Every structure is written in structure tokens, then in C-alpha cells.
Amino acid sequence: MAPHATIAWGATVSTVPVPAPGGHNTHVPVEMTRPRFEELVGEALDEVPAELLGLMDNVVILVEDDPPPDEPGLLGIYEGYALTERGWDYSGVLPDRILIYRNPILAICETDDDVVEEVAVTVVHEIAHHFGIDDARLHELGWG
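Residue numbers (our numbering): 4 to 147.
Okay, here's the thing in C-alpha cells:
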């Protein structure tokens with residue numbers, strides 16, 4: 004599983020190490036179409052209990068090919084206000100976003116089964132942040 008970190012402005016990210024320029028990497032990334040990858044994200048969501056999905060509020064889950072250039076190993080990110088941080092004045096805001104990054108996930112996986120597992124872990128990890136679960140607790144639970 005990939006390591007995860009929290010950045011100061013409240014978003015939570017999932018990252019993996021990226022080889023330094025000129026570094027040796029004999030791993031060949033898995034190739035997968037974007038539609039198939041999006042299906043895997045949907046399948047991962049199908050595995051989340053309906054009761055939990057029903058509690059999610061004002062959040063969208065999106066797939067993007069690549070993270071920002073300054074975060075090349077980013078697997079996923081939760082951007083927004085966790086349910087535990089929302090107060091009486093939470094209204095009229097744009098939806099929180101969970102972004103799942105296709106190319107970094109494919110880059111760290113050796114098989115299609117690895118992709119299925121990493122997508123599931125990343126989706127659950129980012130959903131957990133929507134519910135206010137921090138990285139330390141996710142590591143304790145085995146979803147770090």
C-alpha cells in the first residue's frame with residue numbers, strides 16, 4: 004500500500020515515491036484505458052457499505068489522469084471540509100472533491116489485480132478523510 008500524508012490547507016493526499024530523474028526503474032507500468040480505470044473506481048465505490056455512502060454529503064469523486072506537476076506520485080486527494088469539521092455555517096459551498104489519479108496508480112502496479120487493490124485502497128482512504136478519519140487512524144486500521 005502507498006504511504007499517505009496530510010498537507011497544511013486541509014486536503015489529504017495519497018502519495019508514492021517517484022524515482023529521481025536518471026534513476027533506474029525496471030518496473031513496467033500496467034496499461035489500462037481510462038474508461039476501464041473509471042469502472043474500477045465505480046466498483047470500489049460499490050464495495051463501500053450503502054449506509055456509509057448515504058452519509059456522504061456534498062462530495063464528488065472524480066478520476067484524473069495526472070496529479071499536479073509538483074506532486075508526481077500523488078495517488079488520490081480529498082479536498083474539502085470533513086463532515087467532522089462542518090459547523091452550523093456550512094452552506095452554499097461547492098462540493099468537496101475526491102480525486103483519484105490514474106497514471107500514478109498504474110505506474111506502481113504490476114498487474115491488473117494490483118490496480119484493482121490500489122484503487123480500492125485509495126478510494127476508501129480518501130472517503131475516510133471525508134468522514135474525518137486521519138492518516139494515523141487509517142494506518143492503524145490497515146488502510147494507510
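We treat Cβ as the ideally placed atom computed from N, Cα and C, and that holds for glycine.
Predicted model only: the values in this text are computed from it and were never measured.
- Message: Is the beta carbon of L43 closer than 8 Å to that of E67?
- Response: no
- Where does L89 sit, in a helix, a strand or coil, going by DSSP? Note on residue identity: the sequence assigns Arg, not Leu, to residue 89. The answer is coil: DSSP assigns R89 none of H, G, I, E or B.
- Message: If I follow the unbroken alpha helix (DSSP H) through L97, where does it start and stop?
- Response: Taken as a continuous stretch (DSSP letters only), L97 belongs to no alpha helix (DSSP H), as it is neither H nor E.
- Task: Determine the closest residue to H132 out of D117, R100, P75, with distance taken between C-alpha atoms.
- Result: R100
- Query: For I136, is the classification buried or exposed, using 16 other Cβ atoms within 10 angstroms of its Cβ as the cut-off for buried?
  - Reply: buried
- Task: With a threshold of 16 other CB atoms inside 10 Å of the CB of G145, please say whether the residue is buried or exposed.
- Result: exposed
- Task: Output the boundary residues of the alpha helix (DSSP H) element that contains E143.
- Result: 138-144
- Item | Best match in H142, A139, I130 for proximity to A53 [C-alpha to C-alpha] | I130
- Query: Quick one: what's got a C-beta closer than 7 Å to T114's C-beta in the same chain, skipping five residues either side?
  - Reply: V33
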